[in-house]
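Peer 1: So the protein lines, in turn, are chains Y and X. For the first sequence, this note's numbering assigns the number 1 to the initial residue and increments by one for each residue that follows. For the second sequence, this note's numbering assigns the number 1 to the initial residue and increments by one for each residue that follows. The beta carbon of each residue, even a glycine, is placed where N, CA and C say it ideally should be.
2 protein chains.
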Amino acid sequence: MAEPRISSIDGRLAEEFAVPSHIEEVKGKMSAFATHHAAAGHRVVLITSGGTKVPLESRTVRFLDNFSSGSRGACSAEYFIESGYAVIFLHRHRSLYPYTRTLSTINILDALQVRGEADGAGNFGEVVVNQQVLPNITKVLKKYQEVKDNRLLLPIEFTTLSEYLHLLKAAAQALSTIGNKAMFYLAAAVSDFYIPASEMPEHKIQSSDGPLQLSLNMVPKILSPLVKDWAPQAFVISFKLETDATILLEKARRALSTYRHQVVVANILDSRRGYVLVVTPSTQTELILAQEDIQNKLEIEERIVSNLTSAHSKFITEQVGL
Amino acid sequence: MAEPRISSIDGRLAEEFAVPSHIEEVKGKMSAFATHHAAAGHRVVLITSGGTKVPLESRTVRFLDNFSSGSRGACSAEYFIESGYAVIFLHRHRSLYPYTRTLSTINILDALQVRGEADGAGNFGEVVVNQQVLPNITKVLKKYQEVKDNRLLLPIEFTTLSEYLHLLKAAAQALSTIGNKAMFYLAAAVSDFYIPASEMPEHKIQSSDGPLQLSLNMVPKILSPLVKDWAPQAFVISFKLETDATILLEKARRALSTYRHQVVVANILDSRRGYVLVVTPSTQTELILAQEDIQNKLEIEERIVSNLTSAHSKFITEQVGL
Numbered sequence: 001m002a003e004p005r006i007s008s009i010d011g012r013l014a015e016e017f018a019v020p021s022h023i024e025e026v027k028g029k030m031s032a033f034a035t036h037h038a039a040a041g042h043r044v045v046l047i048t049s050g051g052t053k054v055p056l057e058s059r060t061v062r063f064l065d066n067f068s069s070g071s072r073g074a075c076s077a078e079y080f081i082e083s084g085y086a087v088i089f090l091h092r093h094r095s096l097y098p099y100t101r102t103l104s105t106i107n108i109l110d111a112l113q114v115r116g117e118a119d120g121a122g123n124f125g126e127v128v129v130n131q132q133v134l135p136n137i138t139k140v141l142k143k144y145q146e147v148k149d150n151r152l153l154l155p156i157e158f159t160t161l162s163e164y165l166h167l168l169k170a171a172a173q174a175l176s177t178i179g180n181k182a183m184f185y186l187a188a189a190v191s192d193f194y195i196p197a198s199e200m201p202e203h204k205i206q207s208s209d210g211p212l213q214l215s216l217n218m219v220p221k222i223l224s225p226l227v228k229d230w231a232p233q234a235f236v237i238s239f240k241l242e243t244d245a246t247i248l249l250e251k252a253r254r255a256l257s258t259y260r261h262q263v264v265v266a267n268i269l270d271s272r273r274g275y276v277l278v279v280t281p282s283t284q285t286e287l288i289l290a291q292e293d294i295q296n297k298l299e300i301e302e303r304i305v306s307n308l309t310s311a312h313s314k315f316i317t318e319q320v321g322l
Numbered sequence: 001m002a003e004p005r006i007s008s009i010d011g012r013l014a015e016e017f018a019v020p021s022h023i024e025e026v027k028g029k030m031s032a033f034a035t036h037h038a039a040a041g042h043r044v045v046l047i048t049s050g051g052t053k054v055p056l057e058s059r060t061v062r063f064l065d066n067f068s069s070g071s072r073g074a075c076s077a078e079y080f081i082e083s084g085y086a087v088i089f090l091h092r093h094r095s096l097y098p099y100t101r102t103l104s105t106i107n108i109l110d111a112l113q114v115r116g117e118a119d120g121a122g123n124f125g126e127v128v129v130n131q132q133v134l135p136n137i138t139k140v141l142k143k144y145q146e147v148k149d150n151r152l153l154l155p156i157e158f159t160t161l162s163e164y165l166h167l168l169k170a171a172a173q174a175l176s177t178i179g180n181k182a183m184f185y186l187a188a189a190v191s192d193f194y195i196p197a198s199e200m201p202e203h204k205i206q207s208s209d210g211p212l213q214l215s216l217n218m219v220p221k222i223l224s225p226l227v228k229d230w231a232p233q234a235f236v237i238s239f240k241l242e243t244d245a246t247i248l249l250e251k252a253r254r255a256l257s258t259y260r261h262q263v264v265v266a267n268i269l270d271s272r273r274g275y276v277l278v279v280t281p282s283t284q285t286e287l288i289l290a291q292e293d294i295q296n297k298l299e300i301e302e303r304i305v306s307n308l309t310s311a312h313s314k315f316i317t318e319q320v321g322l
């Protein structure tokens, strides 16, 4: 497999994918966040999370999407913060969010109760959380507020593939200033295919025109310039989701040799909550949750994050000796 | 345009789209709900809401989707209930939900506060809603609870196109028992295209295979058997979303003459929150929110629902004379 030409990837990004209008503002925020936390002795991880939307029409009614609730990214963000990292959370709009994710399985109105009555003087009854419905709410809320008070989480949203690509580039450039203290944890489910703006119909495709033939181009592999050009000192983890277990390890190894980054976290769609394979150029480690662990509500992200923060420490230490 | 052959649509539904395993259970629930409310003198509206997911692989990583937050459907459900209807809310999993939709623009944890401290005896502090962040929460919560207590809302979820199609058919059959007291308000954004199970790859499509060619079949137009066979006495409204205003009215008229139902609510993507065109075989009525109305937080769904409930009354009255 020929190595992607980096200069052409940077060029394609500029030409074929619309630049979000707020890109410079967001880049400034990420840069200030990274500098501030590095000065305070924190490491900084950029987490990408959720799927990307690929429009089929420029006034978009239809789009291609990738399966991802954002659970892996949102959950991992919490464990990275527990481990002392500051987190830039680059996530799909409306995908799962750290801390809030624990409320996502219920309708919040089922957990609220009005207490007291309006007194006619503009004071309404109080609304309290029923802690039988949400038993962990005080714990979750206190953590959330602590993280907010200490500004340990910088949320950035994307919806389309174009936004994702440009925001990731901006993040990489913003984090390059803190060298090997930066980690990239690329858990988003990014489309491999897209329709270039020049080939896209403006209006909604009409079903009366008959069956639909779509021809999609390949999305540039931006892991390549990220590792080589944009943040060459950083510790970089990519994810590989497959449905076929027989090709998983080979695909992970091939990604490492193509992009020359540090780690691939590989997983299978059906077992992703209980099994991952952490692959580095010289090792492969299985992380597994047993049935008992799952009953005890342990999360595999705790083990993934523990494994990677140790590896990041080692990566930093080894470079001191160079 | 040739009229679709109904028998073949029913057949295609059974052959090409996987039947959800809980279909009979859901049909039973919808049927009991309709019978109960019709006996209590209520009319019943089936609202469909949100977009459909069309898998590109049988172990699905990638899918085609339709733009829809579910705002139109969720909002309309509230106004139908205000107008005395009982509502079956057939909606995309995680799309906007009646009442709860008003909390969707904030992170709920930003609206909660812990008050008091844990006392060590297992009693934790209370968690209360900050009503400066959510000024309407008591009103919304009381309405939500009233609707729940009176069982005026039956929520049914779908994710894929297959689930949607089979659940809509089941709903139509369940509602056929209450004749013209039933309304169908088909606001979901349903895909026009799909890949039949027989032509779908099992595993994740590999990007290393190069650019992607997709060939999608046309989804059967089930409005046709719904109107003719499944619920022939019901009052049926379909929606038409276009991006090109010049073809809107013509498309609405063509749908009415093809399917022979009662109303098309037609709208343009960019202006859908402030403008719709309500088209019947003999009339066309523009509903418009002025700038001032929008500032006063009026919702166009209030006018759509008002227009349609009147039309439904007239429809029922006219049939008495037949």
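Can you check whether the C-beta of Phe63/Y is within less than 8 Å of a C-beta belonging to chain X?
Peer 2: Reading the first sequence from its first residue, position 63 is the one you call residue 63/Y. Chain X, which has a Cβ nearer than 8 Å to the Cβ of Phe63/Y, makes this yes.
Peer 1: Output, in sequence order along the chain, the residues in the segment 205-236 of chain Y whose CB is closer than 9 Å to any CB in chain X.
Peer 2: From the segment 205-236 of chain Y, only Ile205, Gln206, Ser207, Ser208, Gly210, Pro211, Leu212, Gln213, Leu214, Ser215, Leu216, Asn217, Met218, Val219 and Lys221 have a Cβ closer than 9 Å to chain X.
Peer 1: From this set, Val219/Y, Ser76/Y, Pro211/Y and Val276/Y, which residue's C-alpha is nearest Leu13/Y's C-alpha?
Peer 2: For the purposes of this step, residue 13/Y is taken as residue 13 along the first sequence, with counting starting at 1. Of Val219/Y, Ser76/Y, Pro211/Y and Val276/Y, the residue nearest in Cα terms is Val219/Y.
Peer 1: Can you list, in chain order, the residues of its chain whose CB lies under 6 Å from that of Gln262/X, leaving out five sequence neighbours each side?
Peer 2: On the second sequence, position 262 is the one that residue 262/X refers to. Contacts found: Phe235 and Val236.
Peer 1: So, for Leu154/X: in the same chain, excluding its five sequence neighbours on each side, which residues have a beta-carbon less than 8 Å away from its beta-carbon?
Peer 2: On the second sequence, residue 154/X is found 154 positions in, with the first residue counted as 1. Answer for Leu154/X: Lys29, Met30, Phe33, Ala86, Val87, Ile88 and Phe89, listed in chain order.
Peer 1: At what residues does the alpha helix (DSSP H) containing Arg72/X begin and finish?
Peer 2: As a position in the second sequence, residue 72/X is number 72, starting the count at 1. Taken as a continuous stretch (DSSP letters only), the alpha helix (DSSP H) holding Arg72/X covers Ser71 to Glu82.
Peer 1: Just the C-alpha distance for Ala290/X and Asn296/X, rounded to the nearest angstrom, thanks.
Peer 2: In the second sequence, counting from the first residue as 1, residue 290/X sits at position 290. In the second sequence, counting from the first residue as 1, residue 296/X sits at position 296. When rounded, the distance between both Cα atoms is 10 Å.
Peer 1: Whose Cβ in chain Y lies nearer than 8 Å to the Cβ of Gly125/X?
Peer 2: As a working mapping, residue 125/X is identified with position 125 in the second sequence. By Cβ distance, chain Y contributes Thr138.
Peer 1: Does any residue of chain X have a CB that is nearer than 8 Å to the CB of Ile6/Y?
Peer 2: Taking the first sequence and counting its residues from 1, the one referred to as residue 6/Y is at position 6. Bear in mind that the predicted position of Ile6/Y carries a pLDDT of just 48, short of 50, making it unreliable; the figure below should be weighed with that in mind. No, its Cβ sits nowhere closer than 8 Å to a Cβ of chain X.
Peer 1: Just to confirm, are Gly274/X and Ile300/X a CB contact at a threshold of 8 Å?
Peer 2: To locate residue 274/X, count along the second sequence from 1; it is residue 274. To locate residue 300/X, count along the second sequence from 1; it is residue 300. Closer than 8 Å, so yes.
Peer 1: If we cut at 8 Å on Cβ distances, does Leu109/Y have a partner in chain X?
Peer 2: Within the first sequence, numbered from 1, the residue matching residue 109/Y stands at position 109. For Leu109/Y, the answer is yes, since a Cβ of chain X falls inside 8 Å of its Cβ.
Peer 1: What are the boundary residues of the beta strand (DSSP E) that Ser238/Y is part of?
Peer 2: In the first sequence, counting from the first residue as 1, residue 238/Y sits at position 238. Note, Ser238/Y: beta strand (DSSP E), Phe235 to Glu242.
Peer 1: Contact criterion: CB-CB distance below 8 Å. Does Lys297/X meet it with respect to chain Y?
Peer 2: For this step, residue 297/X is matched to residue 297 along the second sequence. No, Lys297/X lies away from the interface with chain Y (no Cβ there is under 8 Å from its Cβ).
Peer 1: Leu134/X to Ser21/X, Cα distance in whole Å?
Peer 2: Counting from one through the second sequence, the residue named residue 134/X turns up at place 134. Counting from one through the second sequence, the residue named residue 21/X turns up at place 21. Near 40 Å, if we compare the C-alpha coordinates of Ser21/X and Leu134/X.
Peer 1: I need the DSSP call for Pro345/X, collapsed to helix, strand or coil.
Peer 2: Residue numbering for chain X in the displayed model covers 1 to 322; residue 345/X lies beyond these limits and cannot be assessed.
Peer 1: What is the residue span of the beta strand (DSSP E) that His91/Y lies within?
Peer 2: By one-based count along the first sequence, residue 91/Y stands at place 91. Run containing His91/Y: Tyr85 to Arg92, per the beta strand (DSSP E) assignment.
Peer 1: If you follow the beta strand (DSSP E) that Glu126/Y is part of, which residue opens it and which one closes it?
Peer 2: Within the first sequence, residue 126/Y is the residue found at index 126, counting from 1. Start and end: Glu126 to Val129.
Peer 1: Are the segment 33-52 of chain X and the segment 36-43 of chain Y touching by the rule of at least three beta carbon pairs closer than 8 Å?
Peer 2: Not touching, per the Cβ criterion.
Peer 1: Are the Cβ atoms of Ala182/Y and Ala255/Y separated by less than 8 Å?
Peer 2: On the first sequence, residue 182/Y is found 182 positions in, with the first residue counted as 1. On the first sequence, residue 255/Y is found 255 positions in, with the first residue counted as 1. Contact flag unset, no.
Peer 1: With 8 Å as the C-beta to C-beta threshold (strictly closer), list the residues of the segment 237-268 of chain Y near chain X in chain order.
Peer 2: Of all residues in the segment 237-268 of chain Y, Leu241, Glu242, Thr243 and Asp244 have a Cβ within less than 8 Å of some Cβ in chain X.
Peer 1: Spatial neighbours of Pro98/Y within its chain, please: CB distance less than 6 Å, with the 5 preceding and 5 following residues excluded, ordered by chain position.
Peer 2: For the purposes of this step, residue 98/Y is taken as the residue at position 98 of the first sequence. Within the same chain, Pro98/Y has close Cβ partners Ala74, Ala77 and Glu78.
Peer 1: Residue ranges of each beta strand (DSSP E) run of no fewer than 3 residues wholly in the segment 192-255 of chain Y, ordered along the chain?
Peer 2: The segment 192-255 of chain Y contains these whole beta strand (DSSP E) runs: 212-218 and 235-242.
Peer 1: Between Leu212/X, Asn267/X and Gln233/X, which has its C-alpha nearest Ser215/Y's C-alpha?
Peer 2: Start at 1 with the first residue of the first sequence, and residue 215/Y comes out as number 215. Among Leu212/X, Asn267/X and Gln233/X, the Cα nearest to that of Ser215/Y belongs to Leu212/X.
Peer 1: Could you list the residues in the segment 187-204 of chain Y with a C-beta less than 7 Å from some C-beta on chain X, going in chain order?
Peer 2: Residues Asp192, Phe193, His203 and Lys204.
Peer 1: Listed in chain order, which residues of the segment 59-92 of chain X have Cβ atoms closer than 8 Å to some Cβ of chain Y?
Peer 2: If the cut-off is 8 Å between Cβ atoms, the segment 59-92 of chain X has Arg59, Thr60, Val61, Arg62, Phe63, Leu64, Asp65, Asn66 and Phe67 near chain Y.
Peer 1: Would you identify the three-state DSSP class for Ile6/X, choosing helix, strand or coil?
Peer 2: Reading the second sequence from its first residue, position 6 is the one you call residue 6/X. Bear in mind that the predicted position of Ile6/X carries a pLDDT of just 49, short of 50, making it too unreliable to give a figure here.
Peer 1: In three-state DSSP terms, what is Glu157/X?
Peer 2: Taking the second sequence and counting its residues from 1, the one referred to as residue 157/X is at position 157. The answer is strand: DSSP assigns Glu157/X an E or B state.
Peer 1: Let's test the definition: count the other Cβ atoms within 10 Å of the Cβ of Val320/Y and tell me whether it reaches 16, buried, or not, exposed.
Peer 2: Position 320 of the first sequence, counted from the first residue, corresponds to residue 320/Y. It counts as exposed.
Peer 1: Quick one: which residues of the segment 137-160 of chain Y get their C-beta closer than 7 Å to a C-beta of chain X? List them in chain order.
Peer 2: Per Cβ criterion, the list reads Ile137, Thr138, Leu141, Lys142 and Tyr144.
Peer 1: With 8 Å as the threshold, decide whether the Cβ of Thr100/Y is near any Cβ in chain X.
Peer 2: Locating residue 100/Y in the first sequence gives position 100, where the first residue counts as 1. Answer yes: the Cβ-Cβ gap between Thr100/Y and chain X drops below 8 Å somewhere.
Peer 1: Could you check what DSSP says for Ile108/X in three-state terms: helix, strand or coil?
Peer 2: As a working note, residue 108/X is residue 108 in the second sequence. Note: Ile108/X maps to helix in three-state DSSP.
Peer 1: Under the rule that 16 or more other beta-carbon atoms within 10 Å means buried, what is Arg92/X, buried or exposed?
Peer 2: Within the second sequence, residue 92/X is the residue found at index 92, counting from 1. Arg92/X should be labelled buried.
Peer 1: Nearest chain X C-beta to Val114/Y closer than 8 Å, yes or no?
Peer 2: By one-based count along the first sequence, residue 114/Y stands at place 114. Closer than 8 Å to some Cβ of chain X, the Cβ of Val114/Y qualifies, so yes.
Peer 1: Beta-carbon of Pro20/X versus every beta-carbon of chain Y: anything under 8 Å?
Peer 2: Locating residue 20/X in the second sequence gives position 20, counting from the first residue. With 8 Å as the cut-off, Pro20/X does not count as an interface residue toward chain Y.
Peer 1: Nearest chain X C-beta to Leu103/Y closer than 8 Å, yes or no?
Peer 2: In the first sequence, counting from the first residue as 1, residue 103/Y sits at position 103. Interface residue, yes.
Peer 1: Output the distance between the C-alpha atoms of Ala311/X and Lys169/X, rounded to the nearest integer angstrom.
Peer 2: Looking up residue 311/X in the second sequence gives position 311. Looking up residue 169/X in the second sequence gives position 169. Cα to Cα, Ala311/X sits roughly 24 Å from Lys169/X.
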